[in-house]
Amino acid sequence: MITKTDLVDAARLAAVREEIEVLTLDTTLEGAPIVPVSTLTGEGLEALRGEIGALLAAPPGPPPPGYFRLPVDRAFVIHGHGVVVTGTAIAGAVEQGGTVRVLPGNETARVRSLEVHGVPVPRAGHGQRVAMNLVGVERTDLGRGHVVCDPRLLRLTERFDGHVQMRPAARRPVASHARVRLHIGTAEVMAKLVILGGGQLVPRASGWAQLVLSEPVLALRGDRFILRDETAQRTLGGGVVVHPFANRHRRGEGDLEERLGTLRAGTPPAAARAFLELIPEFASDRATVTQALNLRDEELATVATAPGVLPVPDAEAPEAYTTTAKWERLEAEVLGVVSAAHRTHPLVPGLEMESLRTQLSFEVLPRAFRWCVDRLVAAGRLVREESLVRAPEHRVALGAGGRALGGRLEQLLCEARFTPPDLRQLEETLGVARKDILEVLAVLESEGKVVRVMPDLYYARAAADESVALVRTHCRAHGEITAATFRDLIGASRKFAIAFLDWCDRTGVTVRVGDLRKLRR
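In the numbering used here, the protein residues as written are 4 to 524.
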């Protein structure tokens, strides 16, 4: 709208109109109606009403995705009512009496009352100017830059990937790693602009970049932001958040821009696949996927059954998600590590599961890793024996030297009965390297001839069975057993008694209750 047109002639009015058209080139306002008006003569007012009416008559666009969020403009205290915050709701809806979260700070509060433009309402939502009276927070807990949001939103970010558009008026290129001032919601934080692929962004150019922030903010996929120079003298451009929980990218990272493009504009299933491929972890939990994609819980159902997405542990009760492509890479890597372990240590029956997990290039949490192993066992690709895994075709066969060493080890352990020598003592007695002793002991253990009670302590099977029988007999007669009592029963030191009772706990013979052991039912 051009005002006070009654003060200028037609030539000046035409010049101003042309200047506005030039200034709005390459912006969201390019091509917008320009209406000259005069409040003195009334000229142009009807045309202005017509343009406003046309905008109001247009069908509304789809509501913004995700849960309720209100970036705080102001926070103040009204005597007798408590803390009040004001702002514009940018997504979702909130109801009087509901619970909200304040981020940063992770404080929760109850909504005592709501007003929209001074009118009390029971419910307010996106696009409305809202005043919220909150109970359960102090004025010092929040202010401009905080976000009042749905309690299901939990995670802040200090690093996100976005698509950046430079303004024509930026005047000069912006180099990668430049310090900028980020405006998102009502927050203003300093950040480092890392241009993906390096180089620089010139005025009018657009490209992918990562923002590394000086302090955490709530930023979700699809949120828009503004970039100004470090001194806040110039507006450089703006952009949209694409990957809110980004990691530092490696040079030459394949398919990065393609995946970011899918995450930016793809359907929820496609965006989910892109997000899951971008993260370094093997899988991501439900809450993180939901927030990263800016979806609601019910919308995530379409992701669980989408091609290329693999729910963990299964589609009936998914706790996390990965992709079939990641699963195929992990499967090949697991089988490769197990095969290499068999080649390196042919006399070892298998590989400890935790050792296998820590050798993988993916970050796999223990619970998800157990699911992975179960899946490979069910497919016949691995065999699991207690905490060990091996290839189905792997068989341990001792040579003549190994059998001779095994016989000597069995003899020493049997003779010692309840006080067997530990690995250091076996090394000294036999004059054999610990590595060779451990390999033969592992074979004897797989054959059921010895029992590993501690990492450096083995019992002969007969002695272990006799000790278990003593524990069971005493517990059946007295209901419980102590370490001191068991020590006296086996005629050994407390060290051996405690080590064996701990093994009984681990193997399900007993359960520990304070300083006592009872038979496990």
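We treat Cβ as the ideally placed atom computed from N, Cα and C, and that holds for glycine.
E260 CB to nearest heavy atom of the ligand PLP below 8 angstroms: As for the ligand PLP, it is missing from this structure, which has no ligand bound.
Flag this pair as yes or no: are the beta carbons of V167 and A212 separated by less than 9 angstroms? In the sequence shown, the residue the question calls residue 167 occupies position 164. In the sequence shown, the residue the question calls residue 212 occupies position 209. Contact: yes.
Per DSSP, what kind of secondary structure is K195 in: helix, strand or coil? Within the sequence shown, the letter at position 192 stands for residue 195. Secondary structure of K195 (DSSP, three-state): strand.
Using DSSP with H/G/I as helix, E/B as strand and the rest coil, what is D232? To locate residue 232, count along the sequence shown from 1; it is residue 229. Residue state, collapsed to three classes: strand.
Evaluate the contact criterion for the segment 187-194 versus the segment 30-49: three or more CB pairs, one atom per stretch, below 8 angstroms. no
Selected residue, minimal CA-CA separation from A92, among A419, D12, Y70: Working through the sequence shown from its first residue, we reach residue 92 at position 89. It is Y70 whose Cα lies nearest to the Cα of A92.
Contact set for F503: own chain, Cβ-Cβ below 7 angstroms, skip 5 residues either direction: Within the sequence shown, the letter at position 500 stands for residue 503. Excluding positions up to five away in sequence, the list reads V456, S470.
Are the beta-carbon atoms of L296 and A268 separated by less than 9 angstroms? In the sequence shown, the residue the question calls residue 296 occupies position 293. In the sequence shown, the residue the question calls residue 268 occupies position 265. For the pair L296 and A268, the CB atoms are not nearer than the 9 angstroms cut-off.
Would a C-beta distance cut-off of 9 angstroms place R289 and E256 closer than the cut-off? The residue given as residue 289 occupies position 286 in the sequence shown. The residue given as residue 256 occupies position 253 in the sequence shown. Taking 9 angstroms as the Cβ cut-off, R289 and E256 do not qualify as a contacting pair.
Assess contact between the segment 94-104 and the segment 54-63, defined as three or more Cβ pairs (one per stretch) separated by less than 8 angstroms. Is contact present? no
Taking buried to mean at least 16 other C-beta atoms within 10 Å of its own C-beta, is I81 buried or exposed? Along the sequence shown, read from residue 1 onward, the residue named residue 81 stands at position 78. Exposed.
On a Cα-Cα basis, can you pick out the residue from V380, A463, R398, E450 that is closest to R420? By 1-based counting over the sequence shown, the position of residue 420 is 417. Comparing Cα positions, the closest option is A463.
Based on the DSSP secondary-structure assignment, which residues constitute the bridge partners of M169? As a working mapping, residue 169 is identified with position 166 in the sequence shown. Answer by DSSP bridge pairing, in chain order: G240.
I need the DSSP call for I282, collapsed to helix, strand or coil. Here residue 282 refers to the residue found at position 279 when the sequence shown is read from its first residue. Correct three-state label for I282: coil.
For Q294, count neighbouring Cβ atoms within 10 angstroms of its own Cβ and tell me buried if that reaches 16, exposed if not. Reading the sequence shown from its first residue, position 291 is the one you call residue 294. By the neighbour-count rule (16 or more Cβ atoms within 10 Å), Q294 is buried.
Count the other C-beta atoms from every protein chain shown that fall within 10 angstroms of the C-beta of S364, then say buried if there are 16 or more, exposed otherwise. In the sequence shown, counting from the first residue as 1, residue 364 sits at position 361. Exposed, by the Cβ-count rule.
For L223, tell me which candidate among T234, R520, F278, L16 has the shortest Cα-Cα distance. Taking the sequence shown and counting its residues from 1, the one referred to as residue 223 is at position 220. It is F278 whose Cα lies nearest to the Cα of L223.
For K498, is the classification buried or exposed, using 16 other Cβ atoms within 10 angstroms of its Cβ as the cut-off for buried? On the sequence shown, residue 498 is found 495 positions in, with the first residue counted as 1. Its Cβ having fewer than 16 others within 10 Å, K498 is exposed.
How far does the beta strand (DSSP E) with D76 in it extend, from its first residue to its last? Here the question's residue 76 lines up with position 73 in the sequence shown. That run of the beta strand (DSSP E) goes 72-81.
Going by CA-CA distance only, name the one from L199, T8, R170 that's closest to H180. For this step, residue 180 is matched to residue 177 along the sequence shown. Answer by Cα proximity: L199.
Using the Cβ count rule (16 or more neighbours within 10 Å means buried), how would you classify I440? Taking the first residue of the sequence shown as 1, we reach residue 440 at position 437. Of the other Cβ atoms in all chains shown, 16 or more fall within 10 Å of the Cβ of I440; this residue is therefore buried.
Inter-residue spacing [alpha-carbon to alpha-carbon] between A487 and E357: As a position in the sequence shown, residue 487 is number 484, starting the count at 1. As a position in the sequence shown, residue 357 is number 354, starting the count at 1. Distance between the alpha carbons of A487 and E357 is about 33 angstroms.
Tell me which residue opens and which closes the alpha helix (DSSP H) that R174 is part of. Position 171 of the sequence shown, counting from 1, holds the residue named residue 174. Neither: R174 is in no alpha helix (DSSP H) and is coded neither H nor E.
Relative to the C-alpha of V243, which residue among A178, G165, E233, L216 is closest? On the sequence shown, residue 243 is found 240 positions in, with the first residue counted as 1. Among A178, G165, E233, L216, the Cα nearest to that of V243 belongs to G165.
Would you kindly report the start and end of the unbroken beta strand (DSSP E) that includes I187? For the purposes of this step, residue 187 is taken as residue 184 along the sequence shown, with counting starting at 1. That run of the beta strand (DSSP E) goes 181-187.
Quick check: the segment 132-149 against the segment 74-89, are at least 3 beta-carbon pairs closer than 8 angstroms? yes
What do you get for L526, buried or exposed, if any count of 16 or more other CB atoms within 10 angstroms of its CB means buried? The displayed coordinates of the chain run from 4 to 524. Any statement about residue 526 would go beyond what the structure contains.
Under 8 angstroms: do the segment 167-178 and the segment 117-134 share three or more Cβ pairs, one atom per stretch? no
At the level of alpha carbons, what is the spacing between R231 and W374? Taking the sequence shown and counting its residues from 1, one reaches residue 231 at position 228. Taking the sequence shown and counting its residues from 1, one reaches residue 374 at position 371. Near 47 angstroms, if we compare the C-alpha coordinates of W374 and R231.
Would you mind stating whether V192 and P154 have Cβ atoms separated by less than 9 angstroms? In the sequence shown, the residue the question calls residue 192 occupies position 189. In the sequence shown, the residue the question calls residue 154 occupies position 151. In this structure, P154 does not lie closer than 9 angstroms to V192 by Cβ.
Which residues bound the alpha helix (DSSP H) around E431? As a working mapping, residue 431 is identified with position 428 in the sequence shown. Element bounds for E431: 426-433.
Is T291 near L313, with beta carbons less than 9 angstroms apart? The count along the sequence shown starts at 1 and reaches residue 291 at position 288. The count along the sequence shown starts at 1 and reaches residue 313 at position 310. No. Outside cutoff.
Assign V1 to buried or exposed, taking buried as 16 or more other Cβ atoms, counted over all protein chains shown, within 10 Å of its Cβ. Residue 1 is absent from the structure shown; the chain starts at 4 and stops at 524.
Can you tell me which of the three DSSP states H477 falls into? What you label residue 477 is simply residue 474 of the sequence shown in a count that begins at 1. Secondary structure of H477 (DSSP, three-state): helix.
Who does S496 pair with in a DSSP beta bridge? Within the sequence shown, numbered from 1, the residue matching residue 496 stands at position 493. According to DSSP, which records beta bridges pairwise, S496 is partnered with nothing at all.
Could you tell me the alpha carbon to alpha carbon distance between E336 and L444, rounded to whole angstroms? By one-based count along the sequence shown, residue 336 stands at place 333. By one-based count along the sequence shown, residue 444 stands at place 441. Between E336 and L444, the C-alpha separation is close to 28 angstroms.
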